[in-house]
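A.B. asks: I'd like to ask you about the structure that follows.
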């Protein structure tokens, strides 16, 4: 029955989607949780890939062994934002052995329970470079290299730091810097990297990047919504800081910091724009509103100013209650509900109802399109969840389970508010074909799972106040069931691991694919019924 519907709906669906518009998102949101701040001792991070056309096809890339003297190709556009696929830009020496990892636009997790989230951060003009410059390695290529070569978060930091200094860091989100949230079962780190200007060359002998990493306290949480969070560094405190040799000197050389000023060196202030017309400036409200909403959720008893400057927020915060994976999902599904940044609270949504009583329009949505906002004159507010998100995930790294079982990434397509998260384990060795097939941005395909979730994210906005209830009635029981079964699945996998690691991986691979299949079929069915229910013929 599922397959037989295809020809009936294909033409209609493609035509309908051509009429839909979306609001492009500027960037991504990460939340990082230390092991003593989580309910089960997990180290957690997350990533929202807030670019509508980022590569969201999730596939496992096995590790390999290579003979001495082998080179590996390095690429731009791994993230997939630009049409045309990957672009080879050079080669670097390959290592003797690489580890398996899960590839998406921003590569996410490897077989050794290292997970990496990403969020772009602003950098000052003097640091910027672009294609045509000699810097070689974009952040997504550096993530590939780290996941292929590192067994711990610290090792990943060293890989990215050393290679970006040697071969140069090339921005891939505009001309900006990058933040990575790097975790393993023991530690969580915040890593910032900036480029060193258009004129840098490898032959200069100078470093091709500036970087620093700060450890997240075990009992605290860090929120990174496209803003540099690292400020004051003690390079002698190697438990909590890992930095490049030029972390301060580059600022001195470029007159970004005066050591005779009497002020301590502030990494954020030196390298990130503070104010001005730059969308990535520290003063930008689309950054500060996300800091406000998540910090308010982490510590609701405290008074938080919605319009406070970035540096009113500490680097990390101890949450008032320990956090679960589903808490993190709740954060990245948020739209500033009830705050000054909640677009559903705009009076433009109020209409005359029955008996002349004012009521909220059934079209009211937290995710209005640009055309809707322009028509209703609703000011735009960047929410945490966004309809221009390609995919998102929450990772859960635990050391009390065997390696293939102890790491899990809860992965979902499109807008986090409307997706259904499925478990992908470090021991998973394949994904469902429709979840790793090529996504064609110009043509809907019923053979590509991403389209099932993209379509629902659009259809739910046709009459949001009612349609979101339909979505939740389908999604919530399935997602609840995945979590309900988690302990049982992991116990079975751990028992199989004692017999054979291969048996554990086979079991987890089968389970991941079953979850993907269940979620995808549920969303296609919801798409078809929603289109029928909310057609304008009724």
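Numbering (mature numbering (1 follows the signal peptide of the UniProt record, and there is no 0)), first residue to last: -27 to -1, 1 to 511.
Ideal Cβ placement from N, Cα and C applies to all residues, glycine included.
1) Among 415, 117, 74, 358, whose alpha-carbon lies nearest the alpha-carbon of residue 47?
2) From the DSSP output, in three-state form, read off residue 309 for me.
3) If I follow the unbroken alpha helix (DSSP H) through residue 33, where does it start and stop?
4) From the DSSP output, in three-state form, read off residue 153 for me.
5) For the stretch 230 to 239 against the stretch 96 to 116, are there 3 or more C-beta pairs whose distance is under 8 Å?
6) When you compare the stretch 127 to 137 with the stretch 345 to 359, are there three or more beta-carbon pairs, one atom per stretch, that lie closer than 8 Å?
7) With C-beta atoms as the reference, is residue 17 less than 7 Å away from residue 369?
8) Taking residue 222 as the reference, give the member of 139, 140, 185, 30 with the closest Cα.
9) With a threshold of 6 Å on Cβ separation, who are the neighbours of residue 71 within its own chain once the five nearest residues in sequence on each side are excluded?
10) Compare the C-alpha of residue 412 against each of 488, 255, 364 and name the closest.
11) Flag this pair as touching only if the stretch 238 to 249 and the stretch 258 to 270 have three or more C-beta atom pairs under 8 Å; answer yes or no.
12) Rounded to a whole number of angstroms, what is the C-alpha to C-alpha distance between residue 402 and residue 440?
13) Assuming residue 200 contacts residue 283 under a Cβ cut-off of 8 Å, what Cβ separation, rounded to an integer in Å, is found between them?
14) Could you give the DSSP three-state label for residue 70: helix, strand or coil?
15) Using 7 Å as the threshold, is the C-beta distance between residue 507 and residue 436 below it?
16) Starting from residue 197, follow the alpha helix (DSSP H) in both directions and report where the run begins and ends.
17) Under a Cβ-count criterion, where at least 16 other Cβ atoms within 10 Å of its own Cβ denotes burial, should residue 95 be classed as buried or exposed?
18) Hey, quick one: how far does the alpha helix (DSSP H) through residue 20 stretch, first residue to last?
19) Assign residue 304 to buried or exposed, taking buried as 16 or more other Cβ atoms, counted over all protein chains shown, within 10 Å of its Cβ.
20) Using alpha carbons as the reference points, say which of 497, 366, 311, 149 lies closest to residue 254.
21) Could you give the first and the last residue of the continuous beta strand (DSSP E) run that contains residue 215?
22) Measure the Cβ-Cβ separation of residue 155 and residue 89 and say whether it is below 7 Å.
23) Might you give, ordered along the chain, the residues of its own chain that have their beta carbon closer than 6 Å to the beta carbon of residue 179, omitting 5 neighbours on each side?
24) Do residue 429 and residue 500 have their CB atoms nearer than 7 Å?
25) Keeping to the same chain, check which residues put their C-beta closer than 7 Å to that of residue 418; ignore five residues upstream and five downstream.
26) Just the Cα atoms here: how many angstroms apart are residue -27 and residue 490?
27) Quick one: is residue 286 buried, meaning 16 or more other Cβ sit within 10 Å of its Cβ, or exposed?
28) Helix, strand or coil: how does DSSP classify residue 397 here?
29) Using three-state DSSP, classify residue 49 as helix, strand or coil.
30) Give the range of the beta strand (DSSP E) segment to which residue 255 is assigned.
31) Is the separation between the beta-carbon of residue 195 and that of residue 5 shorter than 7 Å?
32) On the three-state DSSP scale, how would you describe residue 413?
33) Taking the C-alpha atoms as reference points, what is the distance between residue 114 and residue 248?
34) Are there 16 or more other CB atoms within 10 angstroms of the CB of residue 347, so buried, or fewer, so exposed?
35) Using only the alpha-carbon positions, how far apart do residue 290 and residue 280 sit?
36) Apply the 10 Å Cβ neighbour rule to residue 24 and answer buried if 16 or more other Cβ atoms are within range, or exposed otherwise.
C.D. replies: Checking against the coordinates, here is how it stands:
1) 117
2) coil
3) Per DSSP, residue 33 belongs to no alpha helix (DSSP H); it is in the beta strand (DSSP E), 32 to 34.
4) strand
5) no
6) no
7) yes
8) 185
9) 36, 37, 121
10) 364
11) no
12) 36 Å
13) 6 Å
14) strand
15) yes
16) Residue 197 -> not in any alpha helix (DSSP H); beta strand (DSSP E) instead, spanning 194 to 197.
17) buried
18) Residue 20 -> not in any alpha helix (DSSP H); beta strand (DSSP E) instead, spanning 16 to 22.
19) buried
20) 149
21) 214 to 216
22) yes
23) none
24) yes
25) 424
26) Legend: pLDDT at residue -27 = 38, less than 50; position of this residue unreliable, no value from coordinates given.
27) buried
28) strand
29) strand
30) Looking at the DSSP string, residue 255 is not in any beta strand (DSSP E), and its letter there is neither H nor E.
31) yes
32) coil
33) 30 Å
34) exposed
35) 18 Å
36) buried
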